[in-house]
Amino acid sequence: MLRVNDMNVYYGNIHALKGVSLEIHEGEIVTLIGANGAGKSTLLKTISGLLKPKNGEIIFKDEHIAGKFPQLIVKRGISHVPEGRRVFANMSVEENLELGAYLRKDKKGIQEDFAKIYELFPRLHERRKQLSGTLSGGEQQMLAMGRALMARPRLLLLDEPSMGLAPLLVKTIFRIIEEINQTGTTILLVEQNANMALSIASRAYVIETGKIVAAGTAAELSASDQIRQAYLGGA
Ligand SMILES: Nc1ncnc2c1ncn2[C@@H]1O[C@H](COP(=O)(O)OP(=O)(O)O)[C@@H](O)[C@H]1O
Ligand SMILES: [Mg+2]
Numbered sequence: 057m058l059r060v061n062d063m064n065v066y067y068g069n070i071h072a073l074k075g076v077s078l079e080i081h082e083g084e085i086v087t088l089i090g091a092n093g094a095g096k097s098t099l100l101k102t103i104s105g106l107l108k109p110k111n112g113e114i115i116f117k118d119e120h121i122a123g124k125f126p127q128l129i130v131k132r133g134i135s136h137v138p139e140g141r142r143v144f145a146n147m148s149v150e151e152n153l154e155l156g157a158y159l160r161k162d163k164k165g166i167q168e169d170f171a172k173i174y175e176l177f178p179r180l181h182e183r184r185k186q187l188s189g190t191l192s193g194g195e196q197q198m199l200a201m202g203r204a205l206m207a208r209p210r211l212l213l214l215d216e217p218s219m220g221l222a223p224l225l226v227k228t229i230f231r232i233i234e235e236i237n238q239t240g241t242t243i244l245l246v247e248q249n250a251n252m253a254l255s256i257a258s259r260a261y262v263i264e265t266g267k268i269v270a271a272g273t274a275a276e277l278s279a280s281d282q283i284r285q286a287y288l289g290g291a
């Protein structure tokens, strides 16, 4: 579904992604794990068109999308839930969700998706008239995910959805990610919480200072001594 080939991304002189290649097959949950500053957010931002790579390819469903505008990439079926949620604080839950559908014209489909998202996140339905800035961190994460789903993506990019959430809420968010996947959305999940991410992913990549240093099935990586020591608390 998605293939990244030998991609390099810079911030000025800083070489943030160094020859990154990866692929995602339709229907998978793939996780990208790595320490703070490894380049995870940079990779998601480049796939969604917020950053332009210096070179390399990004191919989504046979179309080259590297360096294309974000709105074109959303139209093609890729939605990005950014790190730190970034909901519009002065707008209601409902208005934030509406914004997620701003490129769509199918009114009926949009109404259906509102219903689906409220079913997936009953909490958002309860709070639909509430200003988003007054939601808890977990609720804002749900809203950011709901807003991305309003674009009806085929591929959902999730940047550290569990960051800053209490353990019980982390479990809820991961359960919902699995549900979203089971209803037909492919997922690229960026996480520092590697244990949880590997528990729901089929495959994983490990990134260190801008380079992919390991790749395999989630089971293979969970069983690797090196990965366990570096990313899974050595247990
Ligand atoms: N806007 C920016 N300007 C300059 N350097 C940046 C910028 N954003 C990120 N970086 C650098 O790029 C590297 C990768 O960052 P990032 O992709 O945010 O890592 P991660 O998401 O894995 O924590 C880091 O060294 C970071 O300092
Ligand atoms: Mg990041």
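Residues in the sequence shown are numbered from 57 upward in steps of one, following the numbering used here. Glycine is no exception: its CB is placed at the ideal position from the N, C-alpha and C atoms.
By DSSP's criteria, residue 120 is part of a beta bridge. Which residues make up the other side? Taking the first residue of the sequence shown as 1, we reach residue 120 at position 64. BP columns for residue 120 point to 115.
Pick helix, strand or coil for residue 272, following the three-state DSSP scheme. Looking up residue 272 in the sequence shown gives position 216. Three-state result, residue 272: strand.
From residue 204 to residue 149, what does the alpha carbon distance come to, in whole angstroms? The sequence position of residue 204 within the sequence shown is 148, counting from 1. The sequence position of residue 149 within the sequence shown is 93, counting from 1. Their backbone Cα atoms lie some 13 Å apart in a straight line.
Residue 257 to residue 221 span [Cα, whole Å]: Translated into the one-based positions of the sequence shown, residue 257 becomes position 201. Translated into the one-based positions of the sequence shown, residue 221 becomes position 165. About 20 Å.
When DSSP builds the beta bridges, which residues end up paired with residue 65? In the sequence shown, residue 65 corresponds to position 9, counting from 1. According to DSSP, residue 65 bridges with 73.
Assign residue 223 to one of two classes, buried (16 or more other C-beta atoms within 10 Å of its C-beta) or exposed (fewer than that). Taking the first residue of the sequence shown as 1, we reach residue 223 at position 167. Residue 223 comes out exposed.
Cβ of residue 110 within 7 Å of any heavy atom in ligand 1? Numbered from its first residue, the sequence shown carries residue 110 at position 54. Residue 110: no, Cβ never under 7 Å from ligand 1.
So what does DSSP say about residue 255, is it helix, strand or coil? Along the sequence shown, read from residue 1 onward, the residue named residue 255 stands at position 199. In this structure, residue 255 counts as helix in the three-state DSSP scheme.
Cβ-Cβ separation, residue 196 to residue 216 (assumed contact under 8 Å), whole Å: Reading the sequence shown from its first residue, position 160 is the one you call residue 216. Reading the sequence shown from its first residue, position 140 is the one you call residue 196. Actually they do not touch by this definition, with Cβ atoms about 13 Å apart.
Inter-residue CB distance, residue 133 and residue 61 (contact presumed, cutoff 8 Å): For the purposes of this step, residue 133 is taken as the residue at position 77 of the sequence shown. For the purposes of this step, residue 61 is taken as the residue at position 5 of the sequence shown. Rounded, the Cβ-Cβ distance is 19 Å, inconsistent with contact.
Give the single residue among 138, 89 and 237 whose Cα lies nearest to the Cα of residue 263. Walking along the sequence shown from the start, residue 263 turns up at place 207. When only C-alpha atoms are compared, the closest one is 89.
Entirely within the region 133-200 and at least 3 residues each: give me those beta strand (DSSP E) ranges in chain order. 134-137
Of the listed residues 140, 135, 145 and 177, nearest to residue 158 (C-alpha basis): As a working mapping, residue 158 is identified with position 102 in the sequence shown. Minimum Cα distance to residue 158 is reached at 135.
Can you tell me which residues fall inside 6 Å of ligand 1, judged by beta-carbon distance to its nearest heavy atom, and keep chain order? 67, 70, 72, 90, 92, 93, 94, 95, 96, 97 and 98
First through last residue of the beta strand (DSSP E) which encompasses residue 247: Position 191 of the sequence shown holds residue 247. Run containing residue 247: 242-247, per the beta strand (DSSP E) assignment.
If you drop the 5 nearest sequence neighbours on each side, which residues of the same chain put their C-beta closer than 8 Å to that of residue 185? Translated into positions along the sequence shown, residue 185 becomes position 129. Around residue 185: 148, 149 and 150.
The beta strand (DSSP E) with residue 87 in it runs from where to where? Looking up residue 87 in the sequence shown gives position 31. Note, residue 87: beta strand (DSSP E), 85-89.
Mapping DSSP to helix, strand and coil, what is residue 78? Stepping through the sequence shown from its first residue, residue 78 is reached at position 22. Strand.
Put residue 227 into one of helix, strand or coil per three-state DSSP. For the purposes of this step, residue 227 is identified with residue 171 of the sequence shown, where counting begins at 1. Here residue 227 sits in helix by DSSP.
Between residue 181 and residue 218, what straight-line distance do the alpha-carbon atoms span, to the nearest angstrom? By one-based count along the sequence shown, residue 181 stands at place 125. By one-based count along the sequence shown, residue 218 stands at place 162. Rounded to whole angstroms, residue 181 to residue 218 spans 21 Å at the Cα level.
Which residues bound the beta strand (DSSP E) around residue 221? As a first step, residue 221 must be located in the sequence shown, where it is residue number 165. Segment: none, residue 221 is in no beta strand (DSSP E) and carries neither H nor E.
Which class does residue 107 belong to by DSSP, given the choice of helix, strand or coil? In the sequence shown, counting from the first residue as 1, residue 107 sits at position 51. Residue 107 falls in the coil class under three-state DSSP.
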